[in-house]
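First residue of the sequence shown: 947, per this note's numbering; consecutive thereafter.
For every residue, glycine included, the Cβ atom is placed at its ideal position computed from N, Cα and C.
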Amino acid sequence: EAFNALLKTLEEPPSHVVFVLATTESHKIPPTISSRCQKYDFKKISIEKILNHLQAILNAEKYTSEDKALSLISIKADGSLRDALSLLDKVMAISDSCITYELTKDVLGIVDEEQYLNIFQHIEKNEIDRTIKAINEVVDSGISITNFLDGFNSFLRDVVCYKINYNEKLNLNNRTKQYLEGSATDKDYTM
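Rendered as C-alpha cells:
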C-alpha cells in the first residue's frame, strides 16, 4: 500500500520537491518505483582517505596520535567516514591530547592480533579444547562476540591473502607473518 501511494506521488510530484530514496536493500524496491528513479551506488571510502581525514581533524584540534591508533579506527570504520568520526570522538573523549594504540584498542573493543594468532594455531593443530578456552578468555574479558567475530574474519581474510601472495594492504604483524611462513597451512591436504 505504501509503495502504491509513493508511486502516485512520484508520477505527479510537486514542482518544488525532490525525492531521495536511500536504501541498502534496493532489491526490495518494486520495479514500478525503481524504474522512475535515478540510481547511485555509493562505494566505501578507502582506509587511506579516512586516515588522512582523521589526521587533519586531530591536527586542527591540536591532538597527536600514534599511526597505529588512527589506522585501527580507519579499519574499524569499514569504509564509512561517519563511523570513523564517531569512533574517533569516543577515543578523544577519554584521552588526553595524545591518542595511543592501547587506549584505542580498549575503547573500541579490539582483540589483539596475538590472540587471533593463538586461536588460529589451536585450530590448525586441531586442539578443540584449547581453541574453545582461548575464545572464552577473549569473550570473558568483555569483548563482544560481534567484535571478536568481525576481527577474526578480517584476520582470516588477511591470512588467506598472505598465503596466496596477495600482500597489498594486509594488517598482519611480523610475528603472524613469520608463523605463516612455516605454518602447516602449506601442507597438501589431499584426501
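For residue 1097, the uninterrupted alpha helix (DSSP H) segment begins and ends at 1091-1109.
Cα atoms of residue 1085 and residue 951: separation of roughly 48 angstroms, rounded to the nearest angstrom. Pairing residue 993 with residue 958, the inter-Cα distance amounts to about 43 angstroms. Residue 1065 and residue 954 have their alpha carbons spaced roughly 56 angstroms apart.
Spatial neighbours of residue 1105 in its own chain (CB-CB distance under 6 angstroms, excluding positions within 5 residues in sequence) are not present. Within the same chain, Cβ atoms closer than 6 angstroms to the Cβ of residue 1025 are found at 990, 991, the five residues on either side in sequence being excluded. Residue 1011 carries a strand assignment under DSSP once its states are collapsed to helix, strand and coil. Buried is the label assigned to residue 1080, since at least 16 other Cβ atoms lie within 10 Å of its Cβ. Between the alpha carbons of residue 1016 and residue 1000 lies a distance of about 7 angstroms. Counting only runs of at least 3 residues, the region 954-995 fully encloses no beta strand (DSSP E) element at all.
Excluding sequence positions up to five before and after residue 1049, its CB lies within less than 8 angstroms of the CB of 1015, 1037, 1040, 1041, all in the same chain and listed in chain order.
Taking one beta carbon from each stretch, the region 975-985 and the region 1004-1015 have fewer than 3 pairs nearer than 8 angstroms; the two do not touch.
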